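Structure record follows, encoded as structure tokens.
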Amino acid sequence: MPDSASRTLHTQVAIVGAGPAGLLLAALLHKAGIDSVVVERQSRDYVLSRIRAGILEQTSVDTIVQAGVGARLMAEGIVHPGVDIVAGGHKRHLDMHRLVGRQVMAYGQTELTRDLMDAREATDRPTLYEAQDVRIEGLLDSAVQVHGVDPQGAFTVHAEWVAGCDGFHGVARRSIPAEVLHTFERVYPFGWLGVLADVPPASPHAVVYAQSDEGFALCSMRSMTRSRYYVQCPLTDRVEDWSDDRFWAALLPRLDPQTAAAVVTGPSIEKSIAPLRSFVAEPMRHGRLFLAGDAAHIVPPTGAKGLNLAVADVRLLAEALIDRCRSGSATGIDSYSQRALQRIWRVERFSWWATTLLHRFPDTDAFSQRLQRAELDELFGSERAQAHFADQYAGLPI
Ligand code: RFL
Ligand code: PHB
Numbered sequence: 001m002p003d004s005a006s007r008t009l010h011t012q013v014a015i016v017g018a019g020p021a022g023l024l025l026a027a028l029l030h031k032a033g034i035d036s037v038v039v040e041r042q043s044r045d046y047v048l049s050r051i052r053a054g055i056l057e058q059t060s061v062d063t064i065v066q067a068g069v070g071a072r073l074m075a076e077g078i079v080h081p082g083v084d085i086v087a088g089g090h091k092r093h094l095d096m097h098r099l100v101g102r103q104v105m106a107y108g109q110t111e112l113t114r115d116l117m118d119a120r121e122a123t124d125r126p127t128l129y130e131a132q133d134v135r136i137e138g139l140l141d142s143a144v145q146v147h148g149v150d151p152q153g154a155f156t157v158h159a160e161w162v163a164g165c166d167g168f169h170g171v172a173r174r175s176i177p178a179e180v181l182h183t184f185e186r187v188y189p190f191g192w193l194g195v196l197a198d199v200p201p202a203s204p205h206a207v208v209y210a211q212s213d214e215g216f217a218l219c220s221m222r223s224m225t226r227s228r229y230y231v232q233c234p235l236t237d238r239v240e241d242w243s244d245d246r247f248w249a250a251l252l253p254r255l256d257p258q259t260a261a262a263v264v265t266g267p268s269i270e271k272s273i274a275p276l277r278s279f280v281a282e283p284m285r286h287g288r289l290f291l292a293g294d295a296a297h298i299v300p301p302t303g304a305k306g307l308n309l310a311v312a313d314v315r316l317l318a319e320a321l322i323d324r325c326r327s328g329s330a331t332g333i334d335s336y337s338q339r340a341l342q343r344i345w346r347v348e349r350f351s352w353w354a355t356t357l358l359h360r361f362p363d364t365d366a367f368s369q370r371l372q373r374a375e376l377d378e379l380f381g382s383e384r385a386q387a388h389f390a391d392q393y394a395g396l397p398i
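With the numbering used here, the residue at position 384 of the sequence shown is 384, and numbering never jumps.
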């Protein structure tokens, strides 16, 4: 397409990525009267077809309500006052509400994304879906440009700031020069095979995390009629290797007898394998670009933290950008990276620790197995250790 046909859009904040981070940022900025244009590589339907997180911390719920998109979440989200941990076939309940006075909520990321998309559409501000070849330029200049090509043709978004909310495989992090960006990574030697099925959940009021000799398993839910289960699997496995029958047969022996008896099996409506990774990129700002969510960091899903971290980043970033756009104050944007990273590393630690505690590592020797058991005994034997776990699981303050 010739350059003359290229569309030009002007906005205050260009947002790359229409996942939960990008759309929530757009909603918080809109509420404060700040304009944004969202650019997304995939179609709306594709974004909504990705099955991911299911558990929201109280501070995430509060932020979503504050953004004005919490109506369905408050009506349909299911409160989990506690969490269950199974080790060696025995289940223990950690009552978070009693231990630390906080709880979490079960509500699918897909539903949250749908609510955010509906709210975005109601603002009549543009979201450019199916945008290919997205490039970000002018990070250190007086304005930035986001270029790309969507089904209507080539476009350029001119903005004061750009938020890179485009996930782990996005373009934003890669726009930061290699000599500026430092990355920290750990790849785990296993993945999670997840199954979604329209059956009532085995444990409707607490996620069940199970450690066993056969490997980790997890029982979660999306509603009273839709369940989400996971089992640890080798990284070399493919989804085609796992029939539904094989999945249910692998899940049940990893659970305690009571939970196993409550599992209702049924045909899967989605099945996928996710590798487990810890990753942090520093800094989260370069000139006019800010990173938020999976674009800057990944946690293994064991602590249910990825989406919640994205929400926490976005809350900090929205406040910082609102301050900058309204009053010209740069305090928030200047401290964003350092403040966000401080919290991120604490959550990285918890997610790594929970993963190490509950999974079976292929190269584990007898010594490591005994240490894992001792660590679990420590948790189950001490009210203080349980309160510490509950504090982290229910979510650190933002
Ligand atoms: P997303 O959701 O990946 O969205 C990024 C968006 O950017 C788009 N994009 C681009 N757009 C334009 N140009 C480009 N060049 C682009 N490249 C990419 C993508 O298409 C996409 O739409 O990142 P975001 O918004 O930061 O949100 C992060 C969360 O999605 C993620 O952290 C969680 O799903 C992680 N996670 C969990 N988090 C929780 O808090 N609680 C949980 O219970 C939980 N369970 C999970 C999880 C992640 C899982 N997987 C599959 C990794 C369970 C699993 C199995
Ligand atoms: C989920 O419901 O998909 C889920 C719940 C808890 C986790 C990870 C995933 O830790």
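Where is the CB? At the ideal position from N, CA and C, for every residue including glycine.
All values derive from a computational prediction rather than experimental measurement.
- Of the residues assessed, Thr8 falls on the exposed side of the cut-off, its CB having fewer than 16 other CB atoms within 10 angstroms.
- Residue burial annotation: Ala394 is buried, with at least 16 other C-beta atoms found within 10 angstroms of its C-beta.
- Closest in alpha carbon position to Pro283, among Leu276, Arg277, Leu291, is Leu291.
- Taking the CA atoms as reference points, Pro204 sits about 7 Å from Met221.
- DSSP places Thr236 outside any alpha helix (DSSP H), giving it a letter other than H or E.
- Residue burial annotation: Leu235 is exposed, with fewer than 16 other C-beta atoms found within 10 angstroms of its C-beta.
- The Cβ-Cβ distance between Val146 and Ala14 falls below 8 Å.
- Under the Cβ criterion (8 Å, minimum of three pairs), the stretch 35-54 counts as touching the stretch 156-170.
- Within the stretch 105-179, the complete alpha helix (DSSP H) segments of 4 residues or longer fall at 109-123, listed in chain order.
- For His297, the number of other beta carbons within 10 angstroms of its own is at least 16, and it is reported as buried.
- Per DSSP, Arg7 is one residue of the beta strand (DSSP E) stretching across 7-16.
- Look at Ser335 here: in three-state DSSP terms it is helix.
- Contact annotation: the stretch 227-241 touches the stretch 184-196, with at least three C-beta pairs closer than 8 Å.
- Residue range 217-223 is occupied by the beta strand (DSSP E) that includes Met221, with no alpha helix (DSSP H) assigned at that position.
- Secondary structure at Asp294: helix, using DSSP grouped into helix, strand and coil.
- The beta carbon of Cys165 sits closer than 7 Å to at least one heavy atom of the ligand RFL.
- Taken from the Cβ of Trp242, every heavy atom of the ligand RFL lies 7 Å or farther away.
- The alpha carbon of Val149 has as its nearest neighbour, out of Ala387, Asp256, Ser6, the alpha carbon of Ser6.
- Per DSSP, Thr302 lies in no beta strand (DSSP E) and is assigned neither H nor E.
- Residue environment analysis places Tyr336 among the buried positions, since at least 16 neighbouring C-beta atoms fall within 10 angstroms of its C-beta.
- Per DSSP, reduced to three states, the secondary structure at Phe247 is helical.
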